[in-house]
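Colleague: Residue numbers (the numbering used here): 109 to 471.
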Amino acid sequence: MRVPVRSSLMEIEDYEPGKLVKGAIKLSSNENPLGPSPKVVKEIVKSIEEGELNLNLYPWERNEEELRDEISRYVGASARIGKENIVIGAGVDGVLDTLVKIFIETGDEALIPIPTFSLYESLVRIAGGIPGYIKRKKGEDFSIPLDELIPACNEKTKMIFISSPNNPTGNCIPEAEMRAIIESVPKVMVVIDEAYVEFADSSLVNLVKEYENVLVLRTFSKAFGLAGLRVGYAVIPEWLASAYKKVSIPFSVNSIAIKAAIVALRDKAHLRKCVKLVKHEREFLLENLQRRFLRVYPSQANFVLVDVSPRKSYEVYEELMKNGLIVRDCASFRGAGDSFIRITVGTSEQNELVVEALKQISS
Ligand SMILES: Cc1ncc(COP(=O)(O)O)c(C=O)c1O
Numbered sequence: 109m110r111v112p113v114r115s116s117l118m119e120i121e122d123y124e125p126g127k128l129v130k131g132a133i134k135l136s137s138n139e140n141p142l143g144p145s146p147k148v149v150k151e152i153v154k155s156i157e158e159g160e161l162n163l164n165l166y167p168w169e170r171n172e173e174e175l176r177d178e179i180s181r182y183v184g185a186s187a188r189i190g191k192e193n194i195v196i197g198a199g200v201d202g203v204l205d206t207l208v209k210i211f212i213e214t215g216d217e218a219l220i221p222i223p224t225f226s227l228y229e230s231l232v233r234i235a236g237g238i239p240g241y242i243k244r245k246k247g248e249d250f251s252i253p254l255d256e257l258i259p260a261c262n263e264k265t266k267m268i269f270i271s272s273p274n275n276p277t278g279n280c281i282p283e284a285e286m287r288a289i290i291e292s293v294p295k296v297m298v299v300i301d302e303a304y305v306e307f308a309d310s311s312l313v314n315l316v317k318e319y320e321n322v323l324v325l326r327t328f329s330k331a332f333g334l335a336g337l338r339v340g341y342a343v344i345p346e347w348l349a350s351a352y353k354k355v356s357i358p359f360s361v362n363s364i365a366i367k368a369a370i371v372a373l374r375d376k377a378h379l380r381k382c383v384k385l386v387k388h389e390r391e392f393l394l395e396n397l398q399r400r401f402l403r404v405y406p407s408q409a410n411f412v413l414v415d416v417s418p419r420k421s422y423e424v425y426e427e428l429m430k431n432g433l434i435v436r437d438c439a440s441f442r443g444a445g446d447s448f449i450r451i452t453v454g455t456s457e458q459n460e461l462v463v464e465a466l467k468q469i470s471s
């Protein structure tokens, strides 16, 4: 006989990763087209071969500390962020998992402006919480209606999740709006997900030193090209560090990932190269797609959102797939409707193929 699983799981959608088809160009998961710094690969192989990384041992605390130190320097000496403000996890996904466990009890609520990254709502539901959805202003700039978000908070609301730049819309929340939210709800933890911040014009990380109810998530999966190793971090107010340590799974980031992240942070030239490519190619996609046929939204991330109306997103997705190009059909994003596709910015050759294929499809 099967043992019954928790009833709340019935309401949780499977996480849908970007598809991977052999031989096709994958522009569906916002990965880095240049991959990690070659120094990362070299250093890892070397440190395993030379026995510096002992894979038979659990990850060494000192290495984790070194990474947190390195992250704090990267995030901003100007913001007075030290290693005591940094926690790490298995990607932003892993960090989010720990945070939701810290704040959400059965019956608690969390607010999520949509469309956005789907893991926020899944984790809230898994914890027995209730996600509340606030629709971003569609058809305009996908900004968040503060006059709906702030009054929607009540004594049960424990968290608000704001992705900035937002996946899949690509826009950032202005600092003044973020401050208004944080100041209006001092008993709610405001989570700012900056997974794509390296491709944006600015960051909100300084707010962590000013307010007790805000934290910022970052990742090595995007600009640093290390999605396969699963490393992410949060910049948190110091009071939260002990709860994080208690709840987080021990050794959630493995030794190789820790080493890779340290080396990646030190190779600033590679980071600059990746960011430069994405910004340049993002402009290419924007100009060429907009000029020709479609509504393309300005983006601060490494992807662009395209409205293919009056076509349906799944039709265009399938036709692109026939051309060997995998993009994201955004119909799976709650509140996105059925006419958006999201295209990860690829290499120049890949982006030219995308423009060419969309030109054929829409002519
Ligand atoms: C907004 C956002 N946050 C977090 C993630 C996941 O990041 P990580 O690979 O660090 O778990 C993604 C992945 O696409 C994302 O779009």
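Backbone N, C-alpha and C define an ideal beta-carbon position, used for all residues, glycine too.
Using a 10 Å radius around the Cβ and a threshold of 16 neighbouring Cβ atoms, would you call L117 buried or exposed?
Modeller: That one is exposed.
Colleague: Spatial neighbours of I133 within its chain, please: CB distance less than 8 Å, with the 5 preceding and 5 following residues excluded, ordered by chain position.
Modeller: Around I133: G432, L433, I434, G454, Q458 and L461.
Colleague: If you count every other CB in all the chains shown that lies within 10 Å of the CB of I281, and 16 or more means buried, which is it?
Modeller: Buried, by the Cβ-count rule.
Colleague: For ligand 3, I want to know if G333 counts as a neighbour, meaning its beta carbon is within less than 6 Å of at least one of the ligand's heavy atoms.
Modeller: With respect to ligand 3, the structure offers nothing, as its ligand set consists of ligand 1.
Colleague: Which runs of the beta strand (DSSP E), 3 residues or longer, sit entirely within the region 220 to 256?
Modeller: Entirely contained in the region 220 to 256, the beta strand (DSSP E) runs reaching 3 residues are, in chain order, 238 to 243.
Colleague: Please confirm whether T277 and L413 have their CB atoms less than 7 Å apart.
Modeller: Yes, the Cβ-Cβ distance between T277 and L413 is below 7 Å.
Colleague: What is the DSSP secondary structure of L128, reduced to helix, strand or coil?
Modeller: If DSSP states are grouped into helix, strand and coil, L128 belongs with coil.
Colleague: What is the DSSP secondary structure of F211, counted as helix, strand or coil?
Modeller: F211 falls in the helix class under three-state DSSP.
Colleague: Does the count of Cβ pairs from the region 241 to 251 and the region 210 to 226 closer than 8 Å reach three?
Modeller: Touching, yes, given that three or more Cβ pairs across the two stretches are closer than 8 Å.
Colleague: In chain order, which continuous runs of the beta strand (DSSP E) of length 3 or greater are located wholly inside the region 130 to 198?
Modeller: Whole beta strand (DSSP E) segments, 3+ residues: 194 to 197.
Colleague: Using CA atoms only, rank isn't needed, just tell me which of S136, N275 and S417 is closest to F250.
Modeller: Minimum Cα distance to F250 is reached at N275.
Colleague: Say the cut is 6 Å; is the CB of S329 nearer than that to a heavy atom of ligand 1?
Modeller: Yes; taking the cut-off as 6 Å, the Cβ of S329 has a heavy atom of ligand 1 nearer than that.
Colleague: Ends of the alpha helix (DSSP H) at I370?
Modeller: Residues S363 to R374.
Colleague: Please classify I281: does DSSP put it in a helix, a strand, or coil?
Modeller: I281 falls in the coil class under three-state DSSP.
Colleague: Identify the residues that DSSP records as bridge partners of V414: which are they?
Modeller: Answer is V404 and I449, bridged to V414.
Colleague: Leaving out five residues on either side along the sequence, give the residues of the same chain with a beta carbon under 6 Å from the beta carbon of H378.
Modeller: If we look at H378 and ignore the five residues flanking it on each side, its Cβ neighbours are S145.
Colleague: Tell me the DSSP secondary structure of D205 in three-state form.
Modeller: D205: helix per DSSP, three-state reduction.
Colleague: Output needed for G483: all residues of its chain with C-beta closer than 6 Å, excluding positions within five of it in sequence on either side, in chain order.
Modeller: The shown model of the chain, from 109 to 471, leaves out residue 483, and the question about it has no answer.
Colleague: Quick one: grab the DSSP three-state call for A288.
Modeller: Residue state, collapsed to three classes: helix.
Colleague: Can you check DSSP and say which residues form a bridge with M297?
Modeller: The partner list for M297 (beta bridge, DSSP) reads M267.
Colleague: When you measure from the CB of F225 to every non-hydrogen atom of ligand 1, does any distance come out below 6 Å?
Modeller: Under cutoff, so the answer is yes.
Colleague: Assign I189 to one of two classes, buried (16 or more other C-beta atoms within 10 Å of its C-beta) or exposed (fewer than that).
Modeller: Buried, because 16 or more other Cβ atoms sit within 10 Å of the Cβ of I189.
Colleague: Around the Cβ of K330, are there at least 16 other Cβ atoms within 10 angstroms (buried) or fewer (exposed)?
Modeller: Classification of K330: buried, given that the 10 Å Cβ count is 16 or more.
Colleague: Tell me, please, which residues DSSP counts as bridged to G340.
Modeller: Beta-bridge pairing links G340 to G197 and T327.
Colleague: With a threshold of 8 Å on Cβ separation, who are the neighbours of Y182 within its own chain once the five nearest residues in sequence on each side are excluded?
Modeller: Cβ within range, chain order: L373.
Colleague: Would the beta-carbon of S271 be found less than 6 Å away from any heavy atom of ligand 1?
Modeller: Yes, since a heavy atom of ligand 1 falls inside the 6 Å radius drawn around the Cβ of S271.
Colleague: Assuming the contact rule is C-beta atoms closer than 8 Å, S360 and A198 should be a hit. Round their C-beta distance to whole Å, please.
Modeller: Sure, about 5 Å apart at Cβ, within 8 Å.
Colleague: Who does L348 pair with in a DSSP beta bridge?
Modeller: According to DSSP, which records beta bridges pairwise, L348 is partnered with nothing at all.
Colleague: Cα separation between V149 and S363?
Modeller: Distance between the alpha carbons of V149 and S363 is about 14 Å.
Colleague: Just how far apart, CA to CA, sit S310 and K381?
Modeller: Each residue's alpha carbon lies about 18 Å from the other.
Colleague: Are there 16 or more other CB atoms within 10 angstroms of the CB of N138, so buried, or fewer, so exposed?
Modeller: N138 should be labelled buried.
Colleague: From the DSSP output, in three-state form, read off A218 for me.
Modeller: In the structure shown, A218 sits in a strand (DSSP, three-state: E or B).
Colleague: For I469, name the three-state secondary structure that DSSP assigns.
Modeller: Helix at I469.
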